[in-house]
Amino acid sequence: MIEVKINICNQRIREMKISGHALYAPHGEDLVCAGASSIGTGLLNALDILVPNSCKLILKDYILIQVVEDSEVVQTILRTGLIQLETISEQYGNYLKVIKQEV
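For the sequence shown, this note's numbering gives the first residue as 611, with consecutive numbering after it.
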């Protein structure tokens with residue numbers, strides 16, 4: 611299962627971590643994994659290009675985004691990604707789970 615962990619403080623996203631494997635289909639055919647990976651990579655690229663140095667960005671066997679300098683642009687990008695991931699979760703909830711926690 612892919613887990614999307616969101617840390618929220620005062621209704622603002624502070625951190626997003628995408629990790630795990632969907633195991634929806636065989637390697638190379640897993641649309642859930644491909645969708646989540648595309649959204650995560652798109653978030654990293656958008657933050658890096660549109661608001662450089664605003665977030666700590668890590669791409670390893672997981673994706674981690676930590677907000678360093680918050681702004682409305684950063685929040686809009688993160689919320690857009692969250693909506694996209696939640697949309698996948700609505701259809702494929704057995705393979706992708708979004709976990710929000712107030713910190």
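Each residue gets a CB set at the ideal place from its N, CA and C atoms; glycine is no exception.
Could you tell me how far apart the beta carbons of residue i and residue j are, in whole angstroms, since I believe they sit closer than 8 Å?
i: L706; j: S699; result: 5 Å
i: I616; j: V677; result: Not confirmed; about 11 Å, so no contact.
Can you tell me which residues form a DSSP beta bridge with residue i?
i: I623; result: I618
i: I709; result: K615
i: V642; result: According to DSSP, which records beta bridges pairwise, V642 is partnered with nothing at all.
Could you tell me the alpha carbon to alpha carbon distance between residue i and residue j, rounded to whole angstroms?
i: I612; j: Q621; result: 24 Å
i: G703; j: I675; result: 22 Å
i: E712; j: R624; result: 10 Å
i: P662; j: G630; result: 27 Å
On the criterion of 16 or more Cβ atoms from any shown chain inside 10 Å, does residue i qualify as buried, or is it exposed?
i: I668; result: exposed
i: G638; result: exposed
i: C619; result: exposed
i: L688; result: buried
Just checking residue i against the ligand SAH - is the residue's beta carbon closer than 8 Å to any of the ligand's heavy atoms?
i: Q694; result: No copy of the ligand SAH appears in this structure; indeed no ligand is present at all.
I'd like to know if the stretch 681 to 695 and the stretch 656 to 666 are in contact, where contact means that at least 3 CB-CB pairs between them fall below 8 Å. yes
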